[in-house]
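Residue numbers (the numbering used here): 151 to 659.
In this text, a Cβ means the ideal position worked out from N, Cα and C, and glycines have one as well.
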Amino acid sequence: MEIVEKCIEQGIFLHPDAKQKLEEQEDPSQLIDKILKEYNFENPVLLPKHIEQYTTKNPGKPKQEKKVESITPKKPRKPEKKETTKKEPEDEPEPVETQNGGIEVVLDVTGRSECEGELKNFYNYFNDRYEKIKKEITKRNGMRNARPVEAVKRGKEDVSVVGIVNEVRGTQNGHKLILLEDMTGEIPTLALKNRDVYSKSEEVLLDEVIGVRGALSDGSDLLMLDDIVWPDLPLSGGKPQSKGDGYIAFISDVHFGSTTFLEDAWNRFVNWLNGEYGGPEHQELVKNIKYLCIAGDLVEGIGIYPGQKEELKTVSITEQYREAARQLKRLPSHINIIISPGNHDAVRQAEPQPAFDEEIQEVFVGEMDNITFVGNPSTIKIAGVEILVYHGRSLDDLIAELPKRSYEKPAEVMSEYVKRRHLAPIYGKKTPLAPENKDYHYVDKPDIIHCGHVHKFGVDQYKGVNLFNTGTWQRQTKFQKKKGIKPDPGRVVLYSLENHEPKIVKFCN
Ligand SMILES: [Fe+2]
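In structure tokens form, the structure reads like this:
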């Protein structure tokens, strides 16, 4: 094992000069074993002075070239810097499309996918993610003078830097190591267990972009952290200024085609929308529902989880969509419907997912002309209110990685999207991502984020952003039972375009 690896294994960082001193000795490997055995571990950086206590006057090996230490990331995520890349011009305005009922589609990958699975796509994707989030982080206190990694390494004073998290892990002696990278290089940073910054370090996620402040340890490349900064939104900017009228209804995870689809609850919802369920007060209310937004998993799909076939009422995917079209046709025709896909729908699994392809759309178009199909995620605008629709697959990853988050409070988990300004901070794991040249998961300043996926219902607000997770229309499946997931079915969020307040309507206990 290399001497550097031996140090890393013990949670110790070898200063480049100390490494050089070691390599000048007859048996560096044996010597480092001896040093580590006797080292007190109070200083996480092994300096030349620590080596000198053990060294002989006559080195056995010629002096070697000084090298900068680096820790290899677990998996390659970006190409070599020499790769030629095509970068989108910054802040290039997206063409805005206006659809049924004045729905503006602000951002959507549909018809714009450029992902060819090449290394340059990965480079462009991470570059776009980095630049967008860095721009926000450098607006925060203490981060305005953030410098590139290579410039930081040459500095002596307190420094700030913005980077992508290449590795995050606890060291053997209880500190937290965060390896940060930008386009100029890589730098190890350390949150000491007895410092305030340590609790923040426990929330750092792999692959996300963060800012850090700290000081280099004794002139080494290790940055001892004082603070960690997320891009977050500043304090609430208040409600949207626009004044529209009527309501948007939000639902998700309908799962047409499944034997566990809750037909009775769905029928109550359809009847309610038609003014045939609920008292006169409800009849007046539903007249003003102008939009219905569906955040993915419109149908059950096929081959999604083991044993799913036994729970399929309709085994043909096209038939499942025909059933969906028949059901949506029962809704009042003045309601404009927005449909975004989820992981059960028949589109590519890697996000950003485009809207349903033409073949599926035709199933609906033959029945009605009040549907706007968008991708996942998508940003739409209705009467001046910006809505980020995202199915929410990355909620699984956030809940798995952040101990304070749970399936019981899905809307609270969604606040992480705002704090990190990203819908899928961790690259990979349960959320497959296609590296587009542009990062479609960046979170700008929406008024509403609408998700589903976890089949748990929740409404919350964070920094002025309304967070809706609209549950499901499916009762517990065998798979969910095994996983201990108890769904919250048959719930709708109604959002007033006039006073910008949400209401919850329940069609199932
Ligand atoms: Fe679902």
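With a cutoff of 8 Å on beta-carbon distance, Pro582 and Thr260 are scored as not near each other. Under DSSP, His600 forms a beta bridge with Val539 and Phe618.
In this structure Arg543 is not in contact with Ile549, their Cβ atoms being roughly 11 Å apart against a cut-off of 8 Å. Annotation for Gln477: the continuous alpha helix (DSSP H) segment containing it runs Ile467 to Lys479. Met374 is bridged by DSSP to Leu340 and Ala365. Look at His603: its beta carbon is less than 7 Å from one of the heavy atoms in ligand 1. Burial check for Ser386: the Cβ neighbour count within 10 Å stays below 16, so the residue is exposed. By the criterion of at least three beta-carbon pairs nearer than 8 Å, the segment 431-445 is in contact with the segment 472-490. No heavy atom of ligand 1 is found nearer than 7 Å to the CB of Thr339. Residues of the same chain with a CB within less than 6 Å of the CB of Arg472, apart from the 5 flanking positions on each side, are Val513 in chain order. Ranked by Cα distance from Val256, the options Lys199, Glu536 and Glu648 are led by Glu536.
As for any beta strand (DSSP E) of minimum length 3 sitting wholly inside the segment 257-308, there is none. In this structure, Cys601 is the residue among Cys601, Tyr189 and Arg297 with its C-alpha nearest to the C-alpha of Thr529. Distance from the C-beta of His484 to the nearest heavy atom of ligand 1 is not below 7 Å.
Segment contact: the segment 369-380 against the segment 612-626, fewer than three CB-CB distances shorter than 8 Å; contact not assigned. Exposure of Met518 is indicated by the presence of fewer than 16 other C-beta atoms within 10 angstroms of its C-beta. Scanning the segment 388-440 for uninterrupted alpha helix (DSSP H) segments of 4 residues or longer gives 413-423 and 430-437, listed from N- to C-terminal end. Contact check for Lys199 against Ile182 fails: the beta carbons are separated by 8 Å or more. Per DSSP, Phe506 lies in no alpha helix (DSSP H) segment and is marked neither H nor E. For Phe629, no beta strand (DSSP E) run applies; the uninterrupted alpha helix (DSSP H) run containing it begins and ends at Lys628 to Lys633, by DSSP. Glu307 and Val299 have their C-alpha atoms spaced approximately 14 Å apart.
With respect to Asp495, Lys282 sits apart: the two C-beta atoms are not nearer than 8 Å. By alpha-carbon distance to Val515, the top candidate from Arg262, Leu478, Pro482 and Glu202 is Leu478. The count of Cβ pairs closer than 8 Å, one atom from the segment 559-579 and one from the segment 413-432, stays below three, leaving the stretches out of contact. Non-local beta-carbon contacts of Gln180 in its own chain, meaning distances under 8 Å to residues more than five positions away in sequence, are absent. Linking Glu352 to Glu551 through their CA atoms gives a straight-line distance of about 10 Å.
Residue Phe523 holds the alpha-carbon nearest to the alpha-carbon of Asp258 among Ile401, Phe523, Pro178 and Glu336.
Less than 8 Å separates the beta-carbon of Asp371 from that of Lys303. In the DSSP assignment, Leu330 falls within the beta strand (DSSP E) that extends over Lys326 to Asp332. Following the DSSP letters along the chain, one finds Val593 in no beta strand (DSSP E), marked with neither H nor E. Rounded to whole angstroms, the Cβ separation of Asn316 and Leu327 is 11 Å, and the two are not in contact under 8 Å. If you draw a 10 Å sphere on the C-beta of Pro338, you find 16 or more other C-beta atoms in it, and that means buried. Within the same chain, Cβ atoms closer than 6 Å to the Cβ of Tyr540 are found at Pro527, Leu573 and Cys601, the five residues on either side in sequence being excluded. Between the alpha carbons of Ile521 and Asn250 lies a distance of about 7 Å.
In the three-state scheme derived from DSSP, where H, G and I count as helix and E and B as strand, Ala584 is classed as coil.
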